[in-house]
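Enquirer: Handing you this structure, nothing more for now.
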Amino acid sequence: QKTNMAAVSLLISLSLLCEAVGDVNITVSAPPVKVIETTMPGEYVFFPFTLQFVGNDEILLSMHNCSDGLHQEGWAGRSFSSSKNGTEVWTEISPMKQSHFPSLTPNTVIKPCILKENGALCFTYDLRQFNQASPTTAWVRGIAVSSTPQSVNITGDVQISFDFAPRKLKAWDSSTTSYLMVTDGNILDSLDGKKMITTYGTYDGDSSYSIAVLVSNNNGMNWTRTTDIISPSNPGSNPNCHQPSESNWMRLANKSLFIVFRSGGTSRPLCSSISNDDGMTWSSPDILASAEDSLYPYVWGVEPKLIQLENGMLVLSTGRPGVMLWTSMSADGPWHPYNVAIAHNSLEKDPMFQYTPDSQHRLYPDTQQTTSYTGLVKTSPNTFLLSYDKLGNGWNPAPLTNKSAVFVMSFTSQ
Numbered sequence: 032q033k034t035n036m037a038a039v040s041l042l043i044s045l046s047l048l049c050e051a052v053g054d055v056n057i058t059v060s061a062p063p064v065k066v067i068e069t070t071m072p073g074e075y076v077f078f079p080f081t082l083q084f085v086g087n088d089e090i091l092l093s094m095h096n097c098s099d100g101l102h103q104e105g106w107a108g109r110s111f112s113s114s115k116n117g118t119e120v121w122t123e124i125s126p127m128k129q130s131h132f133p134s135l136t137p138n139t140v141i142k143p144c145i146l147k148e149n150g151a152l153c154f155t156y157d158l159r160q161f162n163q164a165s166p167t168t169a170w171v172r173g174i175a176v177s178s179t180p181q182s183v184n185i186t187g188d189v190q191i192s193f194d195f196a197p198r199k200l201k202a203w204d205s206s207t208t209s210y211l212m213v214t215d216g217n218i219l220d221s222l223d224g225k226k227m228i229t230t231y232g233t234y235d236g237d238s239s240y241s242i243a244v245l246v247s248n249n250n251g252m253n254w255t256r257t258t259d260i261i262s263p264s265n266p267g268s269n270p271n272c273h274q275p276s277e278s279n280w281m282r283l284a285n286k287s288l289f290i291v292f293r294s295g296g297t298s299r300p301l302c303s304s305i306s307n308d309d310g311m312t313w314s315s316p317d318i319l320a321s322a323e324d325s326l327y328p329y330v331w332g333v334e335p336k337l338i339q340l341e342n343g344m345l346v347l348s349t350g351r352p353g354v355m356l357w358t359s360m361s362a363d364g365p366w367h368p369y370n371v372a373i374a375h376n377s378l379e380k381d382p383m384f385q386y387t388p389d390s391q392h393r394l395y396p397d398t399q400q401t402t403s404y405t406g407l408v409k410t411s412p413n414t415f416l417l418s419y420d421k422l423g424n425g426w427n428p429a430p431l432t433n434k435s436a437v438f439v440m441s442f443t444s445q
């Protein structure tokens, strides 16, 4: 009887969530699942920004487990896999047993992936120098992932080349072989069968970031820059969009490309641009307008992620402050806000893993409670999965009395 009452209570909570978080036609379809929590002093558990399929049925989640900053051996991470809907058991993926790059960490964080037969080719985060005499070219570590219905494994690594000619890249600093350019964007198919990716970073001679488009003719092994979406020499007309960095893009139903990118930091608006010629030229970026003034009159945040559901709804995840979903039936907006923190708190019963309101009693957790770096993946025609974190001690290792954790939660659009 207690089990039945708990199930009824959960169903009631789920049914009320759409109304509780705003006028958005999405609902929680399964309660939060805790993927990992801190278990020892000095442990980092945060930045769960990779969430994507690496096979027909298996989803990969990758997160940082090192301090946020440049690491000569690469950004360390931990990765997990789950079944198609991601709402039950998550299993940690063992690091590779043998690497072609012994100076780099085997426990690497994984960023964008290209689906392959029985698995995927995934990339690490930072671009590295071939040699100082070739400043237009760089390489990134490709991670081979095998996927079966029973397990996901990291089987090895390979060198992936990126050519930015004629632009020269800038070193992160004088002590490193890493360039100030990162593979933060996701990978799409071009209309003529190539692969496409965006990177962001600083070219030599520039003082601020650019977002570059690169294409691959050989399924992701070699990449060549084709254009920049935004750069210091072509910043566009809206000054709110002149600090580009993290981005995510998608192909709309009319075949246009739609990109959303961070511009600046906390509380700053997200910007967008559209290409009607498969990424060669782009509209002048502009901010994304919010359908209601929930906190700001625009969509705000960092590390945006985009998907489109079968019913046509566009879904965007971002935050800082907060962990937010935004929905629209058009790339032109407006975008309707959905406060994930409210949904999370209504279903997560452990006070240690609940978000706390700010001094104005608003549930938009700041960077002491979440990095606001999310992952987003469509799991069925109108259902999607979101990954996010709850921090116990800001961006520092959390004490066991107030742990950090990574969660996933499933949503459905009616």
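Converting from the sequence shown to the working numbering requires adding 31 to each position, the first position being numbered 1.
C-beta atoms are modelled at their ideal positions from N, C-alpha and C, and glycine is treated no differently.
Computed from a prediction, not measured in an experiment: that's the story for all the values here.
Name the residue from Thr414, Pro72, His375 whose alpha carbon lies nearest to the alpha carbon of Pro63.
Expert: In the sequence shown, the residue the question calls residue 63 occupies position 32. That would be His375, whose Cα lies nearest to the Cα of Pro63.
Enquirer: Is the Cβ-Cβ distance between Ile57 and Val408 less than 9 Å?
Expert: On the sequence shown, residue 57 is found 26 positions in, with the first residue counted as 1. On the sequence shown, residue 408 is found 377 positions in, with the first residue counted as 1. Not closer than 9 Å, so no.
Enquirer: Where Asn279 and Phe80 are concerned, what is the direct C-alpha to C-alpha distance, given to the nearest angstrom?
Expert: In the sequence shown, the residue the question calls residue 279 occupies position 248. In the sequence shown, the residue the question calls residue 80 occupies position 49. Between Asn279 and Phe80, the C-alpha separation is close to 12 Å.
Enquirer: Here's the rule I'm using: 16 or more other beta-carbon atoms within 10 Å means buried, otherwise exposed. How should Thr312 be labelled?
Expert: Residue 312 sits at position 281 when you count from the first residue of the sequence shown. The residue in question, Thr312, is exposed, as its Cβ has fewer than 16 Cβ neighbours within 10 Å.
Enquirer: Where DSSP assigns a beta bridge to Ala243, which residues make up the other side?
Expert: Counted from its first residue, the sequence shown places residue 243 at position 212. DSSP, once it has assigned bridges, lists Thr230, Asp259 as partnering Ala243.
Enquirer: Would you check if the distance between the CB atom of Trp357 and the CB atom of Val330 is smaller than 9 Å?
Expert: As a first step, residue 357 must be located in the sequence shown, where it is residue number 326. As a first step, residue 330 must be located in the sequence shown, where it is residue number 299. Contact: yes.
Enquirer: If we count the other Cβ atoms within 10 Å of its Cβ and call it buried at 16 or more, is Ser182 buried or exposed?
Expert: As a working mapping, residue 182 is identified with position 151 in the sequence shown. Answer is exposed; the Cβ neighbour count stays below 16.
Enquirer: Which of the three DSSP states is assigned to Gln83 in this structure?
Expert: By 1-based counting over the sequence shown, the position of residue 83 is 52. Gln83 falls in the strand class under three-state DSSP.
Enquirer: Buried or exposed: where does Leu92 fall if 16 or more other Cβ atoms within 10 Å of its Cβ makes it buried?
Expert: Sequence index remark: in the sequence shown, residue 92 carries index 61 (1-based). With 16 or more other Cβ atoms within 10 Å, it is buried.
Enquirer: Identify, in the order they occur along the chain, each residue of the same chain with its Cβ nearer than 6 Å to the Cβ of Ser113, setting aside the five sequence neighbours on each side.
Expert: Working through the sequence shown from its first residue, we reach residue 113 at position 82. So the list reads Ile90, Trp121, once near-sequence residues are dropped.
Enquirer: Using the C-alpha atoms, what's the distance from Leu200 back to Pro166?
Expert: For the purposes of this step, residue 166 is identified with residue 135 of the sequence shown, where counting begins at 1. For the purposes of this step, residue 200 is identified with residue 169 of the sequence shown, where counting begins at 1. Cα to Cα, the separation comes out at about 6 Å.
Enquirer: Once you ignore the five residues that flank Cys272 on each side, which residues in its own chain have a CB closer than 6 Å to its CB?
Expert: Numbered from its first residue, the sequence shown carries residue 272 at position 241. Hits under 6 Å: Ser294, Cys302, Pro316.
Enquirer: Using the Cβ count rule (16 or more neighbours within 10 Å means buried), how would you classify Thr179?
Expert: Position 148 of the sequence shown, counted from the first residue, corresponds to residue 179. Looking at its Cβ environment, which holds fewer than 16 other Cβ atoms inside 10 Å, Thr179 is exposed.
Enquirer: Quick one: grab the DSSP three-state call for Met440.
Expert: Translated into the one-based positions of the sequence shown, residue 440 becomes position 409. Strand at Met440.
Enquirer: On the criterion of 16 or more Cβ atoms from any shown chain inside 10 Å, does Thr70 qualify as buried, or is it exposed?
Expert: Within the sequence shown, residue 70 is the residue found at index 39, counting from 1. Answer is exposed; the Cβ neighbour count stays below 16.
Enquirer: Nearest to Ser314 by alpha carbon, out of Pro365, Thr349, Ser262?
Expert: The residue labelled residue 314 in the question sits at position 283 within the sequence shown. Minimum Cα distance to Ser314 is reached at Ser262.
Enquirer: With a threshold of 6 Å on Cβ separation, who are the neighbours of Ala429 within its own chain once the five nearest residues in sequence on each side are excluded?
Expert: Your numbering for residue 429 matches position 398 in the sequence shown. Hits under 6 Å: Thr69, Gly423, Ser435.
Enquirer: Distance, Cα to Cα, Ile145 vs Leu158?
Expert: In the sequence shown, the residue the question calls residue 145 occupies position 114. In the sequence shown, the residue the question calls residue 158 occupies position 127. Each residue's Cα considered, the two are about 17 Å apart.
Enquirer: How long is the line joining the alpha carbons of Ile67 and Cys153, rounded to whole angstroms?
Expert: Working through the sequence shown from its first residue, we reach residue 67 at position 36. Working through the sequence shown from its first residue, we reach residue 153 at position 122. Near 22 Å, if we compare the C-alpha coordinates of Cys153 and Ile67.
Enquirer: Just to confirm, are Leu245 and Phe195 a CB contact at a threshold of 9 Å?
Expert: Start at 1 with the first residue of the sequence shown, and residue 245 comes out as number 214. Start at 1 with the first residue of the sequence shown, and residue 195 comes out as number 164. Yes.
Enquirer: Whole angstroms is fine: what's the gap from Glu341's alpha carbon to Ser287's?
Expert: Stepping through the sequence shown from its first residue, residue 341 is reached at position 310. Stepping through the sequence shown from its first residue, residue 287 is reached at position 256. Roughly 17 Å separates the two Cα atoms.
Enquirer: In this structure, does DSSP put Ser377 in helix, strand or coil?
Expert: The residue labelled residue 377 in the question sits at position 346 within the sequence shown. DSSP places Ser377 in helix when its eight states are reduced to three.
Enquirer: Within a Cβ cutoff of 7 Å, which residues of the same chain sit near Met252, ignoring the five residues on either side of it in sequence?
Expert: Your numbering for residue 252 matches position 221 in the sequence shown. Cβ within range, chain order: Ile191.
Enquirer: Out of Gly86, Asp363, Phe111, Glu104, state which residue places its alpha-carbon closest to the alpha-carbon of Leu283.
Expert: If you number the sequence shown from 1, residue 283 lands on position 252. Nearest of Gly86, Asp363, Phe111, Glu104 to Leu283, Cα basis: Asp363.
Enquirer: On the criterion of 16 or more Cβ atoms from any shown chain inside 10 Å, does Asp381 qualify as buried, or is it exposed?
Expert: The residue you call residue 381 lines up with position 350 of the sequence shown. Exposed, by the Cβ-count rule.
Enquirer: For Asn116, which residues of its own chain have a beta-carbon under 6 Å away from its beta-carbon, when the five flanking residues on both sides are left out?
Expert: Here the question's residue 116 lines up with position 85 in the sequence shown. Here the set comprises Thr410.
Enquirer: Within the stretch 157-187, note down every full beta strand (DSSP E) run reaching 3 residues or more, in order along the chain.
Expert: List check, beta strand (DSSP E) in window: 157-160, 168-178.
Enquirer: Excluding the 5 residues preceding and the 5 following Leu441 in the sequence, name in chain order all residues of the same chain whose CB lies nearer than 6 Å to its CB.
Expert: In the sequence shown, the residue the question calls residue 441 occupies position 410. It should be pointed out that residue 441 corresponds to Ser in this sequence rather than to Leu. Contacts found: Ser60, Ala61, Thr118, Leu416.
Enquirer: Going by C-alpha to C-alpha distance, which of Glu123, Asp397, Gly86, Leu101 sits closest to Met94?
Expert: By one-based count along the sequence shown, residue 94 stands at place 63. It is Glu123.
Enquirer: Pick from Pro396, Met360, Ser134: whose alpha carbon is nearest that of Thr349?
Expert: Here the question's residue 349 lines up with position 318 in the sequence shown. Nearest option by C-alpha distance: Pro396.
Enquirer: For the beta strand (DSSP E) containing His367, list its first residue and its last residue.
Expert: For the purposes of this step, residue 367 is taken as residue 336 along the sequence shown, with counting starting at 1. 367-370 is the span of the beta strand (DSSP E), which, as asked, contains His367.
Enquirer: DSSP state of Asn271, grouped into three classes?
Expert: Within the sequence shown, numbered from 1, the residue matching residue 271 stands at position 240. Of the three classes helix, strand and coil, the one that applies to Asn271 here is helix, per DSSP.
Enquirer: Alpha carbon to alpha carbon, what distance is there between Leu101 and Ser205?
Expert: As a working mapping, residue 205 is identified with position 174 in the sequence shown. As a working mapping, residue 101 is identified with position 70 in the sequence shown. Near 12 Å, if we compare the C-alpha coordinates of Leu101 and Ser205.
Enquirer: Please tell me whether Gln83 and Asn250 are closer than 9 Å, where the distance is taken between their beta carbons.
Expert: Sequence index remark: in the sequence shown, residue 83 carries index 52 (1-based). Sequence index remark: in the sequence shown, residue 250 carries index 219 (1-based). No, Cβ-Cβ distance for Gln83 and Asn250 is not below 9 Å.
Enquirer: Please report how far the alpha carbon of Gly53 lies from the alpha carbon of Gly232, in whole angstroms.
Expert: Walking along the sequence shown from the start, residue 53 turns up at place 22. Walking along the sequence shown from the start, residue 232 turns up at place 201. Low confidence applies to Gly53: its pLDDT is 48, below 50, so where it sits in the model is not reliable, and the reading given next is rough at best. Roughly 36 Å separates the two Cα atoms.
Enquirer: Exposed or buried, which one is Pro275 when buried takes at least 16 other CB atoms within 10 Å?
Expert: In the sequence shown, counting from the first residue as 1, residue 275 sits at position 244. Buried, because 16 or more other Cβ atoms sit within 10 Å of the Cβ of Pro275.
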